[in-house]
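In what follows, a single structure is set out as structure tokens and then discussed.
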Amino acid sequence: MYRFLLSRQWVILTLLGVALVPAMIELGFWQLHRHEARVAHNELISSSLRARAVPFAQVSQGERGPAEDDQFRTATATGRYDTAHEVVVRQRTGADEQSIGYFVLTPLIQRDGKAVLVNRGWIEADGDLTRFPDVPEAPRGEVTVTGRAMRDETSEASGIKDKRGLPPRQVMLIDSRRQAEAMDRPVVGGYLQLTDTSPKPSGHQPEEVAEPDHSSIGPHMAYAVQWWLFAAGVPVGWVVLVRRERRDRLAAQDAEGAEGAEGAEGAEAAVPAAAGSAAGDGDSVREDGVRGEGTREAPESGRDSGKVSPTGAAGPPSAV
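Plus 1372 on top of the position in the sequence shown (first one is 1) and you've got this note's numbering.
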């Protein structure tokens, strides 16, 4: 009844289903792990933003900046801006997430001589990308800046491809080690994403970089459930297809059986009819034979009655 499952197409379909189920389950767990990582990242941002401000040098202990757990931590630094080594970071979006422009990266020289890179904010790009844009002037004198402690950017983490040979004072990534080489001065790893300055600067300043989103968890959990539903649907769909194939095959067999039965009944009905026809033909032959015999006897009677008497007159012989 289920021998059709051994056919080539059904074997291929079954093997495909067997391969898809574990793959879909694994994809579901992959999305689940992404969901968990997103939730943990949001919790890290939230707790870091609520934490008490500390000196930037205290949280930035490595070459690339703060440790993962200290990212987005509110930190402070005091010093004077070095606008001579100010650079702009290309291809950055503004608060509307549509306008393309630059981040303004200005070194802040501390009293110990070390520099802290400060992302002062975003400015819109003008028409000529080959020249250094017009940047709002940094505050003069000693200032205390407050911002979010950030790690150096990498192509792997940011998705931005680094490029060489850019116009002067333009970079693609915020990299404290590269800026240290350009300045010939020690630079604290990482950078500060500016949120406040004391004293308050006068005049126009770059647009403050928006606080990172830490409320959205993304669609990863929904995708995980979706993959698991797909995995559960494969065996269910296979059973449905098998039952449908079996039903169709049984219906085809029943149809063939009904056609065979009708043919047999027709043959049985034809046998008595043929026998009756043969019997009728026999009776007709016998009747024709009887009539033929009567016809042959009639002339003989006529011949007897038509004999001529010796006297030449027809009729019965005279009595003696």
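Quick reminder that beta carbons are idealized off the backbone N, C-alpha and C, glycines included. From a predicted model like this one, the values you see are computed outputs, not experimental measurements.
Which residues does DSSP list as the beta-bridge partners of residue i?
i: Val1608; result: Note: Val1608 sits in no beta bridge, so no partner.
i: Glu1514; result: Arg1452
i: Val1390; result: Partner(s): none; Val1390 has no beta bridge.
i: Pro1540; result: According to DSSP, Pro1540 bridges with nothing at all.
i: Asn1491; result: Leu1477 and Gln1565
i: Thr1465; result: Ile1472
i: Pro1427; result: Thr1448
i: Glu1496; result: Gly1473
i: Ala1521; result: Leu1564
i: Val1559; result: Ala1487
i: Glu1579; result: Trp1494
i: Gly1437; result: Gly1434
i: Ser1570; result: Thr1516
i: Val1460; result: Val1476 and Gln1542
Give me, in chain order, the residues of the same chain whose beta-carbon lies closer than 8 Å to that of residue i; leave out the 5 immediate sequence neighbours on both sides.
i: Val1393; result: Ala1603, Val1606 and Pro1607
i: Pro1427; result: Ala1447, Thr1448 and Ala1449
i: Arg1483; result: Thr1450 and Gly1451
i: His1413; result: His1586
i: Ala1552; result: Ala1487, Pro1558 and Val1559
i: Pro1571; result: Pro1511 and Val1515
Ignore the nearest five residues each way along the sequence and tell me which others in residue i's own chain have a CB closer than 7 Å to its CB.
i: Pro1540; result: Phe1504
i: Gly1473; result: Arg1464, Gly1466, Trp1494, Ile1495, Glu1496 and Ala1497
i: Arg1375; result: none
i: Pro1573; result: Pro1511
i: Arg1621; result: Phe1376
So, using beta-carbon positions, are residue i and residue j closer together than 7 Å?
i: Gly1519; j: Ser1432; result: no
i: Arg1452; j: Glu1514; result: yes
i: Asp1524; j: Ser1548; result: yes
i: Gly1575; j: Arg1410; result: no
i: Val1490; j: Leu1564; result: yes
i: Gln1400; j: Trp1599; result: Per the sequence shown, residue 1400 should be read as Gly rather than Gln. Yes; because the gap between Cβ atoms is below 7 Å, this pair is in contact.
Count the other C-beta atoms from every protein chain shown that fall within 10 angstroms of the C-beta of residue i, then say buried if there are 16 or more, exposed otherwise.
i: His1457; result: buried
i: Val1611; result: exposed
i: Val1383; result: exposed
i: Gly1537; result: exposed
i: Gly1437; result: buried
i: Gly1609; result: exposed
i: Ala1670; result: Residue confidence is low: Ala1670 scores 45 on pLDDT, short of 50, so the model does not pin down where it sits. No coordinate-derived value is stated.
i: Ala1521; result: buried
Just to confirm my understanding: we take residue i, look at its own chain, exclude 5 residues before and 5 after, and list those with CB closer than 6 Å. What are they?
i: Arg1492; result: Val1476, Thr1478, Leu1566 and Pro1578
i: Ser1420; result: Phe1444 and Arg1445
i: Val1543; result: Val1459 and Val1461
i: Ile1481; result: Gly1451, Arg1452, Asp1454 and Ala1487
i: Glu1580; result: Gly1493
i: Thr1526; result: none
> Do three or more CB pairs link the segment 1387-1407 to the segment 1586-1603 at distances below 8 Å?
Replying inline: yes
>> Any contact between the segment 1382-1399 and the segment 1430-1445? By contact I mean 3 or more CB pairs, one from each, below 8 Å.
In response: no
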